[in-house]
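If you read the sequences in order, they're chains Y and P. Here the first sequence stands for residues 546 to 659, where the numbers follow our numbering. Here the second sequence stands for residues 41 to 153, where the numbers follow our numbering. Since the structure comes first, as structure tokens, the remarks are kept for the end.
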Amino acid sequence: NAGVTQTPKFQVLKTGQSMTLQCAQDMNHEYMSWYRQDPGMGLRLIHYSVGAGITDQGEVPNGYNVSRSTTEDFPLRLLSAAPSQTSVYFCASTTSGTGTYEQYFGPGTRLTVT
Amino acid sequence: GENVEQHPSTLSVQEGDSAVIKCTYSDSASNYFPWYKQELGKRPQLIIDIRSNVGEKKDQRIAVTLNKTAKHFSLHITETQPEDSAVYFCAASMKAAGNKLTFGGGTRVLVKP
Chain Y
546 NAGVTQTPKF QVLKTGQSMT LQCAQDMNHE YMSWYRQDPG MGLRLIHYSV GAGITDQGEV
606 PNGYNVSRST TEDFPLRLLS AAPSQTSVYF CASTTSGTGT YEQYFGPGTR LTVT
Chain P
41 GENVEQHPST LSVQEGDSAV IKCTYSDSAS NYFPWYKQEL GKRPQLIIDI RSNVGEKKDQ
101 RIAVTLNKTA KHFSLHITET QPEDSAVYFC AASMKAAGNK LTFGGGTRVL VKP
């Protein structure tokens, strides 16, 4: 199993550009989430999904869109990049089953907006 | 929504001493409390977790305690080693609500040889 994969690893955008951060998992997990981590801070939830076709907002959703058309993929779209969105983005997944609570994190995407 | 406070923000200990990090949470419905270690440029790594039906859990030099009544939980690292130097995050979540995590602000631990 590859676990949770994210692409790209690094990205530089100009203000106003749009892009999609990719996240995929091969563990058949129902729950998937996107977090951002600003320097020296904890992770904050952007959007999450409890299954294909179901998404909801987290703590800091403004400026981001998500969709969940398959169990495996959960892309994060930046609509019009702003310098305030410079951050490291982590995708995570976990099962809805009661036996396991652990979240599995991807390696992250480091985004710089100039 | 859930709010998690973490203290201290930095912690410097001598090698071999113990380190304690404390977190409080606000939502009594939270039932899962993981602790993560994060090294520079890496993803958070789960080091120990505890569910709300357990008061204490230990794994070698690491232990976590949970007080549901007071809504706080703590990480204890004994016999610290230089490789324990990292940033540690506590988090809280409710499994039934998608298990989405609310993180504390982090503690930078420095173990001095």
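Ideal Cβ placement from N, Cα and C applies to all residues, glycine included. The structure presented is a predicted model; accordingly, all values stated were derived computationally and were not measured.
Can you say whether residue i is buried or exposed, counting buried as having 16 or more other CB atoms within 10 angstroms of its CB?
i	result
residue 89 of chain P	buried
residue 136 of chain P	exposed
residue 99 of chain P	exposed
residue 121 of chain P	exposed
residue 132 of chain P	buried
residue 639 of chain Y	buried
residue 591 of chain Y	buried
residue 80 of chain P	exposed
residue 74 of chain P	buried
residue 139 of chain P	buried
residue 630 of chain Y	buried
Is the CB of residue i under 9 Å away from at least one CB in chain P?
i	result
residue 580 of chain Y	yes
residue 594 of chain Y	yes
residue 643 of chain Y	yes
Using the beta-carbon of each residue, which ones in chain P are nearer than 9 Å to residue i?
i	result
residue 586 of chain Y	143, 145, 146
residue 652 of chain Y	82, 83
residue 646 of chain Y	71, 72, 74, 89, 91, 133, 135, 139
Looking at the C-beta of residue i, does it have a partner C-beta in chain Y at a distance below 9 Å?
i	result
residue 139 of chain P	yes
residue 101 of chain P	no
residue 132 of chain P	no
residue 54 of chain P	no
residue 121 of chain P	no
Name the chain Y residues that come within less than 8 Å of residue i, Cβ to Cβ?
i	result
residue 6 of chain P	In this structure chain P extends from 41 to 153, so residue 6 of chain P is not present and cannot be described.
residue 129 of chain P	587, 588
Between residue i and residue j, how many whole angstroms is the CB-CB distance? I'm expecting something under 8 Å.
i	j	result
residue 586 of chain Y	residue 145 of chain P	6 Å
residue 561 of chain Y	residue 625 of chain Y	5 Å
residue 569 of chain Y	residue 617 of chain Y	5 Å
residue 60 of chain P	residue 116 of chain P	5 Å
When you compare the CB of residue i with every CB in chain B, is at least one pair closer than 9 Å?
i	result
residue 146 of chain P	Among the chains of the structure shown, chain B does not appear; the protein chains present are Y and P.
Under 9 Å (Cβ pairs) to chain Y, residues found in the segment 71–88 of chain P: Against chain Y - using a Cβ distance shorter than 9 Å - the residues of the segment 71–88 of chain P are 71, 72, 74, 76, 78, 81, 82, 83, 84, 85, 86.
Residues of the segment 611–641 of chain Y whose Cβ lies closer than 7 Å to any Cβ of chain P, in chain order: 635, 639
Near-chain P residues of the segment 557–583 of chain Y (beta-carbon distance less than 7 Å), N- to C-terminal order: 576, 578
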